[in-house]
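First comes the structure, then the notes that go with it.
Residue numbers (the working numbering): 23 to 191.
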């Protein structure tokens, strides 16, 4: 399996903004916030070229009922997909372009994702270490599971630091 990790692309924030606008228009009955998360949201960070969006909603039940609206935008509805209290959607069957992670506003997963993103943005040395790890894993791993498992210790360590950092900033 070929795992693609690309150099930072300055178009990624523009792709996020365009998708955010589509989501807001497609989900008019939901009170929501849409955040750009993941590696494509961190300037200069190498990443798999898939835009990750975090959707904070006032009601997961209303989001579940709005699933057909997301299907019309090309998303596949995946349910919790291994993370309790999440709704996960992916776009691009042959070549994934976007991943949407939705949580009830205020959920601890929202804080975790935003803290890690902001920590990497504020600590370019850590972001550079993360990029080097991802590039190395992309070249040495034969499966996406191995790639994710290889990143996990780094993510766990720095996510804990990010949560502490976010609490004092």
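Using N, Cα and C, we set each Cβ at its ideal position, and we do this for glycine too.
Please read these numbers as outputs of a predicted model, since none were measured by experiment.
Cβ distance (whole Å) where residue i is taken to contact residue j below 8 Å
| i | j | result |
| --- | --- | --- |
| residue 138 | residue 184 | 5 Å |
| residue 173 | residue 155 | 6 Å |
| residue 91 | residue 48 | 4 Å |
| residue 65 | residue 143 | 7 Å |
Residues that DSSP places opposite residue i in a beta bridge
| i | result |
| --- | --- |
| residue 113 | 97, 120 |
| residue 55 | 78 |
| residue 108 | 125 |
| residue 28 | 69 |
Element boundaries [alpha helix (DSSP H), containing residue i]
| i | result |
| --- | --- |
| residue 181 | 166-190 |
| residue 86 | 82-87 |
| residue 146 | 146-162 |
| residue 44 | 34-48 |
Own chain partners of residue i with C-beta closer than 6 Å, once the 5 adjacent residues on each side are dropped
| i | result |
| --- | --- |
| residue 59 | 74, 76, 135, 139 |
| residue 153 | 67, 68 |
| residue 188 | 137 |
| residue 120 | 41, 73, 113 |
| residue 94 | none |
| residue 98 | 112 |
Beta-carbon proximity list for residue i, same chain, < 7 Å, skipping 5 on both sides
| i | result |
| --- | --- |
| residue 78 | 54, 55, 125, 127, 132 |
| residue 129 | 107 |
| residue 27 | 68, 69, 70, 156, 157, 160 |
| residue 118 | 72, 112 |
| residue 103 | 110 |
| residue 176 | 152, 155 |
| residue 163 | 25, 169, 172 |
Chain-order list of residues whose beta-carbon lies under 8 Å from that of residue i (same chain, five-residue window excluded)
| i | result |
| --- | --- |
| residue 80 | 52, 53, 54, 126, 127 |
| residue 29 | 68 |
| residue 149 | 64, 66, 67, 142, 143 |
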